[in-house]
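Line order of the protein sequences matches chains A and B.
Sequential numbering of the first sequence, starting at 0, is according to numbering that gives the first Met the number 0.
Sequential numbering of the second sequence, starting at 0, is according to numbering that gives the first Met the number 0.
Inspection log for the structure reproduced underneath, given as structure tokens.
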Amino acid sequence: MQTPPLHVGADAPIGPPVVEEIPQPVPPGTPRRIRWARRRKALHRFWQSFRKDAMGMVGLVILVFFIGVAIFAVFADTSGTRITEATGVPLQPPSWDYPLGTDNYGRSVLTLTIQGAKVSLLVGLTATVITMIIGSAVGLAAGYRGGGTDTLLMRITDWGLVIPWLVLAISLASIFGQSLFIIILVIGLTTWPSTARLVRSQVLSVKERAYIERSRALGAGNWYLVTRHVLPNVMPVIMANTVLIVAIAILSETALSFLGLGDPFSISWGQILQQANDAGASTLGAWWWLGAPGVCIVLVVLAFTMIGFALDEIINPRIRER
Amino acid sequence: MGKRRYVLRKLVQAFITLVAILIFNFFLFRVWSPGDPVSFLTRGQGANISPEERQALIEEYGLDQSTTGQFVEYLKDTATLRLGASSFYQGEPVMEVFTRFLWPTLLLVGISTLFSTIIGIWMGIRSGWRRGSTFDRTSMIGSLVLYSMPEFWLGMLLLLLFSSTLGWFPVGGRISTNVSELSGVGYALDVANHLFLPVLTLTLAYIGQFYLVMRSSLLDVLGEDYITTARAKGVSERQVLRHHAVRNALLPTVTLVALSFGYVIGGAITVEVVFSYQGLGLLTYTAILAKDYWLLQGLFLFFTLAVIVFNLISDFTYAYLDPRVREA
Numbered sequence: 000m001q002t003p004p005l006h007v008g009a010d011a012p013i014g015p016p017v018v019e020e021i022p023q024p025v026p027p028g029t030p031r032r033i034r035w036a037r038r039r040k041a042l043h044r045f046w047q048s049f050r051k052d053a054m055g056m057v058g059l060v061i062l063v064f065f066i067g068v069a070i071f072a073v074f075a076d077t078s079g080t081r082i083t084e085a086t087g088v089p090l091q092p093p094s095w096d097y098p099l100g101t102d103n104y105g106r107s108v109l110t111l112t113i114q115g116a117k118v119s120l121l122v123g124l125t126a127t128v129i130t131m132i133i134g135s136a137v138g139l140a141a142g143y144r145g146g147g148t149d150t151l152l153m154r155i156t157d158w159g160l161v162i163p164w165l166v167l168a169i170s171l172a173s174i175f176g177q178s179l180f181i182i183i184l185v186i187g188l189t190t191w192p193s194t195a196r197l198v199r200s201q202v203l204s205v206k207e208r209a210y211i212e213r214s215r216a217l218g219a220g221n222w223y224l225v226t227r228h229v230l231p232n233v234m235p236v237i238m239a240n241t242v243l244i245v246a247i248a249i250l251s252e253t254a255l256s257f258l259g260l261g262d263p264f265s266i267s268w269g270q271i272l273q274q275a276n277d278a279g280a281s282t283l284g285a286w287w288w289l290g291a292p293g294v295c296i297v298l299v300v301l302a303f304t305m306i307g308f309a310l311d312e313i314i315n316p317r318i319r320e321r
Numbered sequence: 000m001g002k003r004r005y006v007l008r009k010l011v012q013a014f015i016t017l018v019a020i021l022i023f024n025f026f027l028f029r030v031w032s033p034g035d036p037v038s039f040l041t042r043g044q045g046a047n048i049s050p051e052e053r054q055a056l057i058e059e060y061g062l063d064q065s066t067t068g069q070f071v072e073y074l075k076d077t078a079t080l081r082l083g084a085s086s087f088y089q090g091e092p093v094m095e096v097f098t099r100f101l102w103p104t105l106l107l108v109g110i111s112t113l114f115s116t117i118i119g120i121w122m123g124i125r126s127g128w129r130r131g132s133t134f135d136r137t138s139m140i141g142s143l144v145l146y147s148m149p150e151f152w153l154g155m156l157l158l159l160l161f162s163s164t165l166g167w168f169p170v171g172g173r174i175s176t177n178v179s180e181l182s183g184v185g186y187a188l189d190v191a192n193h194l195f196l197p198v199l200t201l202t203l204a205y206i207g208q209f210y211l212v213m214r215s216s217l218l219d220v221l222g223e224d225y226i227t228t229a230r231a232k233g234v235s236e237r238q239v240l241r242h243h244a245v246r247n248a249l250l251p252t253v254t255l256v257a258l259s260f261g262y263v264i265g266g267a268i269t270v271e272v273v274f275s276y277q278g279l280g281l282l283t284y285t286a287i288l289a290k291d292y293w294l295l296q297g298l299f300l301f302f303t304l305a306v307i308v309f310n311l312i313s314d315f316t317y318a319y320l321d322p323r324v325r326e327a
């Protein structure tokens, strides 16, 4: 018994709304090909629903733009970001040569902002991967095994929820040093508890489904059940949550960098804002310096949030009805 | 389960959490933290400290003992609320440094939470009740934008606009330097003048979450059968909203007020840095820059304790407001 990632059927707890379809002739081929054909179809149906969501599409367009900027930044010339090689006059408002003005060292704010996209997105995405792995693993284990495992894991999760994250992240980052790796790790280690709770609650409802019992009666082991039945059914919820977590991770990186805990050698939007604040950009009236990186943060976080809300609406029929 | 057992169970859970935090705190700040606290402590006096004085300091802080001995010492220190010495403030007990910075932050966080809760709940009710209206759509977009904004950036923008461009408010600090000349009303006005922009920043930053929760919670309640029943009975729309919908929808929001405290603290730290507002947030920033781990440890303990207490308050409020919780 194989289940595609977006399982659609009478007993599907989550997933796109059930569309009654005329049973189609089974395409010829191996089970694997049938499975992939079903997955493709599910994905196509999902994309059809997503396309209709204006908010989600706006988010997607913004996101694609910034991913483009980040990729451009990887290949772009970075000499303009070094203080010693700054070419402009310090603190100049936008001009033809420097479309977003210059900072207090005479560096182009545009160049800095483009480079910042790279680090901000990188940290946001990798930290999210850590969050999702820990959160899903804890949630799955707690929800599926239940009993003592559940109690213990949920108590640890509660501790994680109680500790004010920024204070914990500040402490960890200031003790273990300032590098991109530490920042990613710190964000990942402080944001997983909410994901674990969400995954657990989904697992609890999925594992009581009849098909799990049927599969078990047919001799399926725990590992098979979790990887083939429970996880694929919880996956849509994990996906929607992932997108929202990226937004949180990017904001976290920004706050940590702003407090001077980021990697001093890699430019991120938070770090540009930290330097602007240290130099008193607000008091000096240098709106261009703090404007660009801030607007970028808001746009990217907004993009991820809008996509996350759109995904939530597609996979959660309850919200959809409203 | 009776009410008393519920309260007792929550108290025991909070206590276990506290113990776990204390142990974690010890390892994080006293075992894993790099560098020897005494060398940080004596850094201010330069190299001209005699080996005897150094030894005395090491003994005073119990650094010559084993990890277990240090743990006992740390527990004693915490129980007596001394919390060790701050190296940045030349060995002053952390607790004393702390109480000096506590009130400004309580004032800032308290007022902002109050405003953002009231405004957020009001907007949420209006928005959820007239779903799809212009007000609903505008406030939805507005709160999403505010939610996506780092609090400190919002603070920097407000500072740029209201202080340096318009000159309406001071550029930072908690009180003016000539504050000793002021008395009574003048002093209060001065404090309020300095508080205005930080409070505005935090209020705007937190309206979004209260709004979103109140709105979705009201929408949930409006779909319930008892709302239909109430309408069928001929209860006026106004009465349905006030007595049937809002009362029930307030529950999740009330708990959120207490639970969001941890996040409010996070926001207060960065916003205090932007406005050079001398509160616990700026103190945390100072501790990071000075690598004053014992001070950081005291702050960490305080913030965590505050969140635990607020969680308890939230649990109890919820149980008081919703009898179903107690029976479950």
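A virtual CB, placed ideally from N, CA and C, is assigned to each residue, including glycine.
Predicted, not measured: the structure shown is a model, and the values here were computed from it.
Assumed close pair residue i, residue j - CB separation to whole angstroms, cut-off 8 Å
i: leucine 289 of chain A; j: alanine 275 of chain A; result: 5 Å
i: alanine 309 of chain A; j: glycine 55 of chain A; result: 3 Å
i: leucine 160 of chain A; j: serine 193 of chain A; result: 7 Å
i: serine 32 of chain B; j: tyrosine 292 of chain B; result: 5 Å
Cβ-Cβ distance between residue i and residue j below 8 Å
i: valine 233 of chain A; j: leucine 179 of chain A; result: no
i: glutamate 271 of chain B; j: glycine 280 of chain B; result: yes
i: isoleucine 162 of chain A; j: alanine 126 of chain A; result: no
i: valine 229 of chain A; j: glycine 307 of chain A; result: no
i: isoleucine 115 of chain A; j: serine 251 of chain A; result: A small correction: the amino acid at residue 115 of chain A is glycine; isoleucine does not occupy that position in the sequence shown. No; because the gap between Cβ atoms is not below 8 Å, this pair is not in contact.
i: glycine 172 of chain B; j: tyrosine 88 of chain B; result: no
i: arginine 237 of chain B; j: glycine 123 of chain B; result: no
i: alanine 13 of chain B; j: isoleucine 287 of chain B; result: no
i: threonine 98 of chain B; j: valine 256 of chain B; result: no
i: glycine 147 of chain A; j: valine 202 of chain A; result: no
i: leucine 295 of chain B; j: phenylalanine 100 of chain B; result: no
i: isoleucine 186 of chain A; j: alanine 248 of chain A; result: yes
With 16 other Cβ atoms within 10 Å as the buried cut-off, status of residue i
i: tyrosine 146 of chain B; result: buried
i: aspartate 63 of chain B; result: exposed
i: glutamine 1 of chain A; result: Bear in mind that the predicted position of glutamine 1 of chain A carries a pLDDT of just 39, short of 50, making it unreliable; the figure below should be weighed with that in mind. Exposed, by the Cβ-count rule.
i: glutamate 51 of chain B; result: exposed
i: arginine 213 of chain A; result: exposed
i: valine 88 of chain A; result: exposed
i: threonine 79 of chain B; result: exposed
i: isoleucine 120 of chain B; result: buried
i: histidine 43 of chain A; result: exposed
i: arginine 199 of chain A; result: buried
i: tryptophan 152 of chain B; result: buried
i: tyrosine 223 of chain A; result: exposed
i: glutamate 312 of chain A; result: buried
Residue i versus residue j - alpha carbon distance
i: tyrosine 317 of chain B; j: threonine 254 of chain B; result: 7 Å
i: arginine 106 of chain A; j: glycine 269 of chain A; result: 17 Å
i: histidine 242 of chain B; j: alanine 72 of chain A; result: 57 Å
i: isoleucine 318 of chain A; j: tryptophan 158 of chain A; result: Low per-residue confidence applies at isoleucine 318 of chain A: pLDDT is 48, beneath 50, and the placement is therefore not dependable, though the value from the model is reported in the following sentence. Cα to Cα, the separation comes out at about 30 Å.
i: glycine 176 of chain A; j: aspartate 224 of chain B; result: 56 Å
i: leucine 298 of chain A; j: valine 60 of chain A; result: 11 Å
i: glycine 233 of chain B; j: arginine 125 of chain B; result: 22 Å
i: threonine 227 of chain B; j: cysteine 295 of chain A; result: 45 Å
i: glycine 142 of chain A; j: glutamine 208 of chain B; result: 28 Å
i: leucine 272 of chain A; j: leucine 111 of chain A; result: 11 Å
i: tyrosine 205 of chain B; j: serine 235 of chain B; result: 33 Å
i: serine 65 of chain B; j: isoleucine 244 of chain A; result: 42 Å
i: alanine 289 of chain B; j: arginine 39 of chain A; result: 56 Å
i: leucine 221 of chain B; j: tryptophan 287 of chain A; result: 46 Å
i: valine 144 of chain B; j: glycine 67 of chain A; result: 22 Å
i: tyrosine 73 of chain B; j: glycine 83 of chain B; result: 8 Å
i: glycine 79 of chain A; j: phenylalanine 65 of chain A; result: 20 Å
i: lysine 51 of chain A; j: glycine 131 of chain B; result: 17 Å
i: arginine 321 of chain A; j: leucine 218 of chain B; result: With a pLDDT of 39 at arginine 321 of chain A, under the threshold of 50, the predicted position of this residue should be treated as unreliable, though the coordinate-derived value follows. Going from the Cα of arginine 321 of chain A to the Cα of leucine 218 of chain B covers about 8 Å.
i: methionine 148 of chain B; j: threonine 130 of chain A; result: 22 Å
i: valine 96 of chain B; j: serine 85 of chain B; result: 8 Å
i: phenylalanine 264 of chain A; j: threonine 282 of chain A; result: 26 Å
Three or more C-beta pairs under 8 Å: does that hold for the region 189-199 of chain B against the region 99-107 of chain B? Counting Cβ pairs under 8 Å, three or more are found: they touch.
Would the region 131-141 of chain B count as touching the region 236-255 of chain A if we require 3 or more Cβ pairs under 8 Å? Pairwise C-beta distances place the region 131-141 of chain B out of contact with the region 236-255 of chain A, as fewer than three of them are shorter than 8 Å.
Are there three or more Cβ pairs, one per stretch, closer than 8 Å when the region 82-102 of chain B is compared with the region 160-169 of chain B? no
Are three or more beta carbon pairs between the region 250-267 of chain A and the region 196-211 of chain A nearer than 8 Å? As far as the Cβ criterion goes, the region 250-267 of chain A does not touch the region 196-211 of chain A, which means the pair count is below three.
Quick check: the region 130-146 of chain A against the region 188-202 of chain A, are there 3 or more CB pairs under 8 Å? yes
Three or more C-beta pairs below 8 Å linking the region 149-156 of chain B and the region 200-210 of chain B: yes
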